[in-house]
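Heads up: the structure comes next, in structure tokens.
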Amino acid sequence: MTDKQIHVLGLHRELADQLAKQAITTELYSDVEPNNPIHSIEQALSHYQQTQCQGVICLGGGSVMDCGKLVAAQIARPDKTTVQLKGLFKIRRQLPPIYAIPTTAGTGSETTVAAVAFDPIAKQKFAVTDLCLCPRAAVLLPELTYDLPPQITAHTGMDALTHAIEAYLGIIGTDFTRQKSLNACDLIFANLLPAYEQGRSHQYRENMLLASFYAGEAFTRASVGYVHAIAHSLGGYYGTAHGLANAILLPKVLRWYGPAVEDKLATLAEHCQIGVSKTSSAAKARAFIEEIEALNRQMAIPPGLSELEPEDIPSLAKQALKEAHPEYPVPKFMDLNSCEKLLKSLLMAQ
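Quick note on the working numbering: the sequence shown kicks off at 4 and runs consecutively.
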């Protein structure tokens with residue numbers, strides 16, 4: 004499974020040839036759409052069934068990997084629609100084997116227990132989460148990301164950074180997830196901007212793939228927070244690229260958390276050698292947030308969202324908080340008024 008762009012570029016051919024040499028017959032489905040709408044999943048499922056496939060190899064970004072996961076989920080649970088699988092542990096069956104080969108460094112879907120889909124009728128993104136959705140193996144090949152456009156490099160890289168930070172700030176983290184978050188943040192601050200500027204550098208691309216994988220390992224266990232909840236809401240309404248929404252929202256949500264996250268942000272700053280001259284946790288936390296804002300500016304990511312309509316803000320806020328509560332283990336609870344105010348700040352920043 005892949006998308007039209009990868010098909011046109013022919014990135015799938017070598018993989019198909021190598022599998023053929025192992026006497027493995029393949030079928031190509033290359034019509035996965037951005038944001039993974041439900042009808043795209045249904046079309047892929049139909050192709051899988053008609054060609055009597057026995058497993059899924061996902062070659063692409065987050066939408067491709069999530070689509071492949073949900074096709075496998077539907078094979079295991081033909082009694083349920085994709086919408087009926089929304090939420091936690093609705094599959095509970097063994098899936099056909101799933102293998103993931105990411106062509107972007109950001110979503111972490113190659114190692115997570117979740118898959119995100121888009122319901123165009125409800126204008127809502129939602130997650131299906133179950134342990135069986137984790138791929139059997141992930142293959143990280145930097146060469147596949149060499150020609151990723153700078154904008155997509157920026158957006159997906161900031162997606163990975165958001166995964167790492169939200170997993171670290173959540174209240175159910177473990178020693179394992181905290182270390183993975185630290186490793187991911189360190190790699191992203193050191194390699195994202197160079198990868199954005201020097202796309203064909205093997206080392207920068209490899210480090211970003213590792214960072215995305217580590218961040219995925221962290222958030223699939225420790226979950227995410229309000230940045231993701233609001234970004235999903237924006238994506239459902241406007242089709243906003245998920246990584247772009249995360250990048251814009253991340254510093255704003257971190258500032259809203261305030262003292263509740265200062266100590267943890269200070270630890271992240273120290274680990275990433277940010278704000279080394281600062282002495283207090285509050286100062287280190289501010290320096291960390293300012294570093295995120297500086298990274299956004301250097302990669303031409305705006306501080307606000309041009310497509311946001313003021314009249315949509317109440318509905319966007321309600322949808323975001325419905326997603327976040329009670330499942331996301333956030334360090335501080337956000338009420339509806341605070342969420343609306345944060346969204347309004349995106350208008351003022353345009």
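Every residue gets a Cβ at the ideal spot worked out from N, C-alpha and C, and that includes glycine.
List, from N- to C-terminal side, the alpha helix (DSSP H) runs of 4 residues or more that fit wholly inside the region 261 to 327. 265 to 274, 284 to 301 and 316 to 327
For leucine 144 and leucine 339, what's the separation of their Cα atoms in angstroms? 43 Å
CB contact flag (alanine 232, histidine 245, <8 Å): no
Reduced DSSP secondary structure (H/G/I, E/B, other) of glycine 63: strand
Closest Cα partner of arginine 300 within the set Met161, Ile78 and Lys325: Met161
Arginine 208 burial status per 10 Å Cβ neighbour count (16 or more: buried): buried
Can you list, in chain order, the residues of its chain with a C-beta nearer than 7 Å to that of glutamate 296? Leave out the 5 residues immediately preceding and following it. Pro254
Helix, strand or coil at lysine 89 [DSSP, three-state]: coil
State the Cα-Cα distance for the pair arginine 96 and proline 313, rounded to the nearest angstrom. 43 Å
Are the CB atoms of threonine 29 and methionine 68 nearer to each other than 8 Å? no
Exposure of lysine 128, with buried meaning 16 or more beta-carbon neighbours within 10 Å: buried
Opposite threonine 132 in the DSSP bridges: which residues? Leu91 and Ala117
Euclidean distance between Cα positions of glutamine 322 and tyrosine 229: 11 Å
Alpha helix (DSSP H) segments (min. 4 residues) lying fully within the region 207 to 242: 229 to 241
How many angstroms separate the CA atom of threonine 180 from the CA atom of valine 227? 12 Å
Let's see if you can read the secondary structure: which residues bound the beta strand (DSSP E) around isoleucine 101? 101 to 105
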